[in-house]
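Residue numbers (my numbering): 9 to 488. Here a beta-carbon is modelled for each residue, glycine too, at the ideal position from N, C-alpha and C.
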C-alpha cells in the first residue's frame, strides 16, 4: 500500500473513528486484526502486517463472518483486549514520510484517572509490525517478533530505518466506482487474495498429480525389475525337463553339466551350470520351483502392470484437464479437482495462531520445532508437568537455577541436533549462568522426569539424561 493511498485512507478514518470506543477484537490471521469501533454502517478497521502486503482500511463484514473466520486471540490480541478495549480513540495520524499510522487512546483507570495508550501500525514491508505503547511511548507488545533498535519490547518506539523498509512502492489502487478508498482497497485486496488462493490450490493440485504419476512410474519400474529377476518361466521348465531326461546320460564336471537338448533341432549337446552340491534330480526340482514362481509372477505382476498403465493414463488425462482449468482460471473446475478434503485444507492460507501459554516465552527453531521457555518456578512446574507431553524434549542448565525449556515433538521422531543446540542456548541464557561463556545443559525426554514428593515448584528428578555444552544465546525466532 503506497503513501498516497494510505494517506487518503487515514483521512477517511480521521473523519469517522475519533471519539469512538474500541470494542471487540478479531484475530483474522496470525498477522491481521479486525477492530470494532462501533461505527455503524462503516464497518470494521482491518490491519494486516503481512510483509508482502501490509495494509489498513475499513472492511464491511457481518459479525458472524468475522467470528467464523477468526482464530483464538494471540498474546498480542489478549494484551490489546486487556489494555485498549473500552478505550476512547482520540486521534489517527500518519507519519509524513513513512507508512506508519498512529492511534492514540485514552482510558480511565480504577481511580478515575485518564491514562494514555498508543497503537502503531508500521506498514513498512519486511519490517511491518503492530505495536502497543504505554503513555511514555515505550513498546509493551509487538504482534510480530520485532527487529532492530527502537522496535523491541521495552524500547522507546522509533520507526525503522529506510534500509530496513526496503519495499517497492505499490501503484495506486484502481478506484473504479467505489465511494471510498477503503472500499476500493478492500475490493482490490480481496481480489488479490482470491488470485493467490487460486494459484496456491492450483500449485497444490499440480504437485499432487505429479507426485502420483511419479509414484506409479517408480512402482512400475520396480515391478518390471522384479519380473526380470524371476526369469523366463519357459526356460526354467525346459531346464528342469532336460535335467530329468538326461539323468542317466549327463556328464558332470563340478558345477557344469553336459546335456542332450531334445527340444532343439538335431538334439545338440549343451552345457548348463547347476549348484555343485545338488544332484541332477534336486537341480531339476529347483528349476521347476523357479518355473512355478516365475509363472505366478508373470500373472500377478502382469495384472498389476496393466492396472498401473490404466492409472497412469487416467492421471495423464486428469493432468491435462487440470492444466486447461488453470489456464482458463476456472474456479469451479479447480474446486471439483480439489474435492472436499483438499478444499478444506486449502480454503485459507491461515495457520492457527498459537494458543497463549501464560508464564512462557515461545520460539520457533531453525528446523521448525516449537520451543517453550518457562519464566518463574511455578511456570516451569506447569510447563513441565502439565503442558509437556511424554516425547517432548526437556532441557535445563546443569547445577544452576533457571528456566525449564521444552521442545515440542508431536511426530515422536528424533529431534534434529541443530534444534537441540538452539534450545540448549535458550536454557543457558535464561539461567543464573546466562552471562558465562559456556554452560552445561542437561536434556532428556519428558517421560524420564519425575517430581519428588513435597518438592518445591520447578524441582525435578531425572532418571536418565544427556549433557551438552553451549554458549548462552537467543538465536531463533520468537513467536510469542
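Next on the checklist: So, under 8 Å CB-CB, residue 442 and residue 480 are touching, yes? Tell me the CB distance rounded to an integer number of Å.
Outcome noted: With a Cβ gap of about 5 Å, residue 442 and residue 480 count as contacting.
Checklist entry - Is DSSP giving residue 408 helix, strand or coil here? => result Secondary structure of residue 408 (DSSP, three-state): coil.
Item to check | residue 275 burial status per 10 Å Cβ neighbour count (16 or more: buried) | outcome: Looking at its Cβ environment, which holds fewer than 16 other Cβ atoms inside 10 Å, residue 275 is exposed.
Next on the checklist: How far does the alpha helix (DSSP H) with residue 137 in it extend, from its first residue to its last?
Outcome noted: Where residue 137 is concerned, there is no enclosing alpha helix (DSSP H), although the beta strand (DSSP E) it sits in stretches over 137 to 141.
Item to check | For residue 440, three-class secondary structure by DSSP | outcome: Here residue 440 sits in coil by DSSP.
Checklist entry - On the three-state DSSP scale, how would you describe residue 96? => result Strand at residue 96.
Checklist entry - Going by beta carbon distance, what residues of the same chain come within less than 6 Å of residue 46, once the five residues before and after it are set aside? => result Contacts found: 28 and 31.
Item to check | Residue range of the unbroken alpha helix (DSSP H) whose run includes residue 281 | outcome: Careful: residue 281 lies outside any alpha helix (DSSP H), inside the beta strand (DSSP E) at 277 to 281.
Checklist entry - For residue 499, which residues does DSSP report across the bridge? => result There is simply no residue 499 to check, as the chain begins at 9 and stops at 488 in what is shown.
Item to check | Straight-line gap, residue 439 to residue 446 (C-alpha atoms, nearest Å) | outcome: One C-alpha to the other measures close to 12 Å.
Checklist entry - Under a three-way DSSP split, which group does residue 458 fall into? => result Strand at residue 458.
Checklist entry - residue 118: buried (16+ other C-beta within 10 angstroms of its C-beta) or exposed? => result Answer is exposed; the Cβ neighbour count stays below 16.
Checklist entry - Can you check whether the CB of residue 106 is closer than 9 Å to the CB of residue 132? => result By the CB criterion at 9 Å, residue 132 and residue 106 fall inside the cutoff.
Checklist entry - Since residue 445 is in the beta strand (DSSP E), which residue starts that stretch and which ends it? => result In the DSSP assignment, residue 445 falls outside any beta strand (DSSP E), carrying neither H nor E.
Next on the checklist: Tell me the rounded alpha-carbon separation between residue 97 and residue 401.
Outcome noted: If I take the Cα positions, the gap works out to 46 Å.
Item to check | Span of the alpha helix (DSSP H) around residue 165 | outcome: Counting along the chain, residue 165 sits inside no alpha helix (DSSP H), nor does DSSP assign it H or E at all.
Checklist entry - What residues match up with residue 381 in a beta bridge as DSSP calls it? => result Paired residue(s): 369 and 413.
Item to check | Sequence-distant residues of its chain with Cβ nearer than 8 Å to residue 123 (five each side left out) | outcome: Cβ neighbours of residue 123 beyond the five flanking positions: 114, 115, 116, 117 and 143.
Checklist entry - For residue 226, does the count of other Cβ atoms within 10 angstroms reach 16, so buried, or fall short, so exposed? => result It counts as exposed.
Checklist entry - How would you write the range of the alpha helix (DSSP H) that residue 25 sits in, first residue to last? => result Neither: residue 25 is in no alpha helix (DSSP H) and is coded neither H nor E.
Checklist entry - Do residue 460 and residue 389 have their CB atoms nearer than 9 Å? => result In this structure, the beta-carbon distance from residue 460 to residue 389 does not fall below 9 Å.
Next on the checklist: Going by DSSP, what residue range makes up the alpha helix (DSSP H) through residue 84?
Outcome noted: Annotation for residue 84: the continuous alpha helix (DSSP H) segment containing it runs 83 to 91.
Checklist entry - What separation, rounded to the nearest whole angstrom, lies between the Cα atoms of residue 288 and residue 298? => result Cα-Cα distance, rounded: 15 Å.
Checklist entry - According to the Cβ coordinates, are residue 80 and residue 57 closer than 9 Å? => result No, the pair does not count as a contact, with Cβ atoms beyond the cut-off.
Checklist entry - Between which two residues does the alpha helix (DSSP H) containing residue 216 stretch? => result If you look at residue 216, you'll find it in the alpha helix (DSSP H) that goes 189 to 238.
Next on the checklist: Comparing C-alpha positions only, which one of 53, 221, 120 and 468 sits nearest to residue 35?
Outcome noted: Looking at 53, 221, 120 and 468, the one whose alpha-carbon comes closest to that of residue 35 is 53.
Item to check | Close beta carbons around residue 42, own chain, < 6 Å, minus the five adjacent residues each side | outcome: Closer than 6 Å at Cβ, skipping near neighbours: 34, 36, 52, 54 and 74.
Checklist entry - Looking at residue 383 and residue 368, is the spacing between their C-beta atoms short of 9 Å? => result Result yes, Cβ atoms of residue 368 and residue 383 sit closer than 9 Å.
Checklist entry - What residues match up with residue 71 in a beta bridge as DSSP calls it? => result Answer by DSSP bridge pairing: none, since residue 71 is not bridged.
Next on the checklist: Relative to the C-alpha of residue 418, which candidate in 70, 398 and 430 has its C-alpha closest?
Outcome noted: The shortest C-alpha separation from residue 418 is found at 398.
Checklist entry - Are residue 484 and residue 374 touching if we call contact CB-CB under 9 Å? => result Going by C-beta atoms, residue 484 is nearer than 9 Å to residue 374.
Item to check | Which of helix, strand or coil DSSP assigns to residue 332 | outcome: In this structure, residue 332 counts as helix in the three-state DSSP scheme.
Checklist entry - Hey, would you say residue 185 sits closer than 9 Å to residue 66, going by beta carbons? => result Taking 9 Å as the Cβ cut-off, residue 185 and residue 66 do not qualify as a contacting pair.
Checklist entry - With contact counted as at least three CB pairs below 8 Å, one residue from each stretch, are the stretch 202 to 221 and the stretch 262 to 274 in contact? => result Segments in contact, no.
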